[in-house]
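J.:
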Amino acid sequence: MAEVLVLVEHVDGTPKKVTLELLTLARSLGEPSAVFVGSGYDNAKAQLAEYGAQKVYVAGDAELDSYVVAPKAEVLAQIAGSASPAAILIASSPEGKEVAGRLAVKLDSGVITDAVGVEDGFVAHQSIFGGAFNVKSSVGKGTPIITVRPNSTAPEAAAATPSEEQVSVSLSEAATKAKIVESVSEKKGGRPELTEASIVVSGGRGLGGAEHFELIEKLADSLG
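Note that the sequence shown covers residues 0 to 223 in numbering that gives the first Met the number 0.
(1) By the three-class DSSP mapping on this structure, what secondary structure does Ser81 have?
(2) Following the continuous beta strand (DSSP E) through Ser162, name the residue where it begins and the one where it ends.
(3) According to DSSP, is Tyr66 part of a helix, a strand, or is it coil?
(4) Would you decide whether Arg204 is buried or exposed? Buried here means 16 or more other CB atoms lie within 10 Å of its CB.
(5) Of the residues Leu6, Leu21, Thr18, Ala33, which one's Cα is nearest the Cα of Thr160?
(6) Tell whether a beta-carbon distance below 8 angstroms holds between Pro154 and Lys16.
(7) What span of residues does the beta strand (DSSP E) with Val30 cover, start to end?
(8) Locate the alpha helix (DSSP H) running through Gly95, then write down its first and last residues.
(9) Should Gly37 be labelled buried (16 or more other beta-carbon atoms within 10 Å of its own) or exposed?
(10) By alpha-carbon positions, which one of Ser81, Lys71, Thr146, Glu20 ends up nearest to Tyr50?
(11) Do the CB positions of Val183 and Val57 come within less than 8 angstroms of each other?
(12) For the alpha helix (DSSP H) containing Gln46, name the first residue and the last one.
(13) Helix, strand or coil for Thr13? Go by DSSP, reduced to three states.
(14) Check whether the Cβ atoms of Ala52 and Leu75 sit closer than 8 angstroms, and answer yes or no.
(15) Under the rule that 16 or more other beta-carbon atoms within 10 Å means buried, what is Glu73, buried or exposed?
(16) How is Val183 classed by DSSP in three states: helix, strand or coil?
(17) With three or more beta-carbon pairs closer than 8 angstroms as the criterion, would you say the segment 169–179 touches the segment 128–137?
(18) Could you tell me if His211 is buried or exposed, where buried requires 16 or more neighbouring beta carbons within 10 angstroms of its beta carbon?
(19) Alpha carbons only, please: which of Ile145, Leu222, Pro93 is nearest the one belonging to Val122?
(20) Beta carbon of Ser92, beta carbon of Glu8: below 8 angstroms?
(21) Check for me: the beta strand (DSSP E) holding Ala114 runs from which residue to which?
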């Protein structure tokens, strides 16, 4: 089967839910291979195997944690150049879409963003104008690069025993121009991230004050 690359989005090595969705989607299109960039791979390997990754490319240099998007595009470009994948799937997050755009330039390929599904032949489905229209599109040049919206595919486990390939990347000077100089850890509660929530409950001025937002919390709890 044709190899389909999936860029792993993770927090300190723990894959985000959207990564598991992409691996599930990739299994329906070909042979999924995960691409892990940065440190913390030991925290990810079990879950990547659980969701069907047949191969994992690991660019595990801790230095890569100091940068945001440019090195990820270079890692993907290097792997794509040697592996010749059938397609590359990336989460449709702000970071993911920037990686996809940079990667498309490097590979001289087309890119489709905000897909809500991908069918055989790497035909992407997009929901546009607030869901008023559904569009099917495909890349006409190079390796298809498709960003997929979170919560578009239900993640389904399919245990595998992936092979691992260590990737050594020599970053270009341009890729290291923008560097993370400070980061702040997000305070986490008992609820999922907004981008990963299957149900979102919001409140506004009709509640009459901040003290009444506990009603929204109770409604969210009742909906699961």
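Built from N, CA and C at the ideal position, the CB exists for glycine as well. Nothing here was measured: the structure is a model prediction, and the numbers come from that model.
T.: If we stick to the structure as given:
(1) Three-state result, Ser81: helix.
(2) 162–165 is the extent of the beta strand (DSSP E) around Ser162.
(3) Tyr66: coil per DSSP, three-state reduction.
(4) exposed
(5) Ala33
(6) yes
(7) For the record, residue 30 in the displayed sequence is Glu; it is not Val. From DSSP, the beta strand (DSSP E) with Glu30 extends over 30–36.
(8) 93–106
(9) buried
(10) Among Ser81, Lys71, Thr146, Glu20, the Cα nearest to that of Tyr50 is on Glu20.
(11) no
(12) 40–49
(13) strand
(14) no
(15) By the beta-carbon neighbour count (other beta carbons within 10 angstroms, threshold 16), Glu73 is buried.
(16) coil
(17) no
(18) Classification for His211: exposed.
(19) Ile145
(20) yes
(21) 110–118
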